[in-house]
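4 is the number of the first residue of the sequence shown in my numbering; add one for each residue after it.
Virtual Cβ for every residue (Gly too), placed ideally from N, Cα, C.
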Amino acid sequence: LRSAIPKSMGLLDEMAALMSAGNTSTAYAPTPAPTAGANPGLGYIAALIAVLGFGSNFIPAKKVDTGDGIYFQWVMCCGIWIASVIVQFALVNPQFEPFAMLGGWLWCSGNVMSLLAINYIGMGLGLLLWGSTNMLMGWASGTFGWFGIEKSDISNVPLNYVGVVVAVIALFMYMFVETESSEKPPETSLTSNLLDETEDAPYANKSNDLEGGVDANGRSASTAAREAGASKKVLGIVMALLAGVFFGFNFDPVEMLKRTDTDDTTAAPGWTSNTQDHSPNSIDYVFSHFSGIFLTSSVYLIAYLVYHHFKGTKPYIVPEVTLPAFISGFGWAIADIAWFVGNDNLSLAVAFPVITSGPGLVGALWGVFLFGEIKGTANLRKLVLACCTTVIAVTMIAAEPVGRSDAGRRGEQRQHGG
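Quick look at the structure:
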């Protein structure tokens, strides 16, 4: 009996310790960048899937008239959300995180802004501006630990920095590759549908509508048109840059939620709650993030319909857009889910520049071999040069050894009881 008492007391102490641990506010260690137990091989496979997906997801809609794009993007977001529902069930219903929906709002708002920007400054300049801004903002978030997210541990800083610069140069080079128009029907401009309304526009290149070719301010019709065009170009550039910023920050709310260790003083106070548990795995936030995308897209669609109702005009909603848009959205979702996995296993500083630079190369290859849009020896040389520059940039960035930050190493030690 005497010998059993110490054992019983020891058992009680262990039970008390377990109960105390169960009452603590944090069950997860902070996610390192990349996470504890990161698998670089899995990360690069996920990055490859993301690059192929983002470079190919619009193929089903290539020859479909998407109109002003609002209905198309809503149906696309329906496909995105359905994919997240499948993930949610496959993961046995992880905790829903309302804060992660902010990332979905950022992405969807950037997507709508990019539609507007295209009509003001064209696809080429628009892609360059929001593509490079997207890459730089996402890379900087992980590299410098903005907003209190986990700072990436870059062992070869010059190589990583130069790789990012080369990747931006590659995006710029794709602008000089000319494409021939496909058989796709002419699209209805979103800006002409919602913003321009040429019948009411004061300077719609109709000089005969201005008495004596001069407007009320004494400007000639051509001068007024040039000034209006310059204003639209500035607005388009601003929209493209803002879209890139939103795209680049859309993963940050998830990264903030992953910082849940109360002992981690590097986490930004106020962004995340230490009074509840948050998963350290990015994929657990897919449903929350994609729900934000779907909700935001629905709000924009309703606003679009209300606008047309009061203007007495007809919104562009046609049945033939529905299936291609849904397939495009589902394909985009697969690529973005792979990006979540890449972020966990490679860190934002590596995953962002790799994944954002690759789709341009994939899309260009589709343009050559599937659609025959890129022709001519000189044009193909430009494309090859741009593709080689992209490969060099990705190689430089991917050559960065995948390491752990100090906070990440502390988190791994806690998970192993160190």
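- Nearest neighbour of G46 by Cα position, chosen from C80, S350, V168 and I296, turns out to be S350.
- Leaving aside the five residues that flank L131 on each side, the residues in its chain whose CB is nearer than 8 Å to its CB run, in chain order, L174, F175, Y177 and M178.
- One Cα belongs to K317, the other to V78, and the distance between them is close to 18 Å.
- Of all C-beta pairs linking the stretch 289–305 to the stretch 45–60, fewer than three are shorter than 8 Å, placing the two stretches out of contact.
- Non-local C-beta neighbours of F297 in its own chain, meaning closer than 6 Å and more than five positions away in sequence, comprise C80 and W84, ordered along the chain.
- Contact between the stretch 357–374 and the stretch 393–401 is established, with three or more Cβ pairs separated by less than 8 Å.
- N137 is the residue among S144, K66, A64 and N137 whose C-alpha sits nearest the C-alpha of L245.
- By the criterion of a C-beta distance shorter than 7 Å, E323 is surrounded in its chain by V67, once the five residues flanking it on both sides are discounted.
- Annotation: F147 to W108 spans about 23 Å, alpha carbon to alpha carbon.
- Taking C-beta separations shorter than 8 Å and ignoring five residues to either side along the sequence, the partners of Q98 in its chain run D280, H281, S282 and D287, following chain order.
- As the crow flies, the alpha-carbon of Y123 is around 43 Å from that of A41.
- Note on geometry: alpha-carbon atoms of F333 and A86 lie some 6 Å from one another.
- Counting every other CB atom within 10 Å of its CB across the protein chains shown gives T398 a total below 16, marking it as exposed.
- Per DSSP, reduced to three states, the secondary structure at M178 is coil, with no helix or strand assignment.
- DSSP, reduced to helix, strand and coil, places D71 outside both helices and strands of the structure shown, so it counts as coil.
- One Cα belongs to A401, the other to L308, and the distance between them is close to 45 Å.
- Scanning the stretch 110–153 for uninterrupted beta strand (DSSP E) segments of 3 residues or longer gives nothing; none is fully contained.
- Sorting G315, V171, L55 and K261 by C-alpha distance to the C-alpha of K154 places K261 at the top.
- Residue nearest to G145 within the set N382, A352 and V387 is A352 (criterion: CA-CA distance).
- Of the residues D255, I337, M116 and L128, the one whose Cα lies closest to the Cα of A143 is D255.
- Taking the Cα positions, G70 is about 15 Å away from F61.
- For I48, the enclosing alpha helix (DSSP H) has its first and last residue at P43 to S59.
- Taking 7 Å as the cut-off, the beta carbon of L368 is found no closer than this to the beta carbon of M242.
- Contact between M104 and G251 is absent: CB atoms are separated by about 18 Å, not below the 8 Å threshold.
- Taking C-beta separations shorter than 6 Å and ignoring five residues to either side along the sequence, the partners of I330 in its chain run P63, following chain order.
- In this structure, I340 and E258 do not form a Cβ contact; the two beta carbons are roughly 16 Å apart against a cut-off of 8 Å.
- In this structure, the beta-carbon distance from M140 to V248 falls below 7 Å.
- The C-alpha of Y74 is placed about 17 Å away from the C-alpha of I121.
- A residue is called buried when at least 16 other Cβ atoms come within 10 angstroms of its Cβ; F313 does not meet this threshold and is exposed.
- Scanning its chain for C-beta atoms nearer than 7 Å, with the 5 sequence neighbours on each side dropped, one finds around L55 the residues V365, in chain order.
- With a cutoff of 7 Å on beta-carbon distance, W335 and I358 are scored as not near each other.
- For the pair N253 and G106, the CB atoms are nearer than the 7 Å cut-off.
- In the structure shown, E323 adopts helical secondary structure according to DSSP, grouped into three states.
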